[in-house]
């Protein structure tokens, strides 16, 4: 198991039954980047990947 898997597993365990909007997720990611600016590039890449994940041209 990778270290990051533990965080993902904790997310599912603690919040797995909740429904969220993508707007909420974007706001939370922005707060995270504001708090930890060194993660701006990976978060931006992740957000772009999510935005385009069902687009066959990307």
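Numbering (this note's numbering), first residue to last: 27 to 84.
The beta carbon of each residue, even a glycine, is placed where N, CA and C say it ideally should be.
Problem set entry | Backbone secondary structure at residue 83 - three-state DSSP | The residue labelled residue 83 in the question sits at position 57 within the chain shown. Three-state result, residue 83: coil.
Exercise. Excluding sequence positions up to five away, which residues of its chain have a Cβ less than 8 Å from the Cβ of residue 52?
Worked result: Locating residue 52 in the chain shown gives position 26, counting from the first residue. So the list reads 73, once near-sequence residues are dropped.
For this session: Give a yes or no on whether the C-beta atoms belonging to residue 66 and residue 57 are separated by under 8 Å.
Result: If you number the chain shown from 1, residue 66 lands on position 40. If you number the chain shown from 1, residue 57 lands on position 31. Going by C-beta atoms, residue 66 is not nearer than 8 Å to residue 57.
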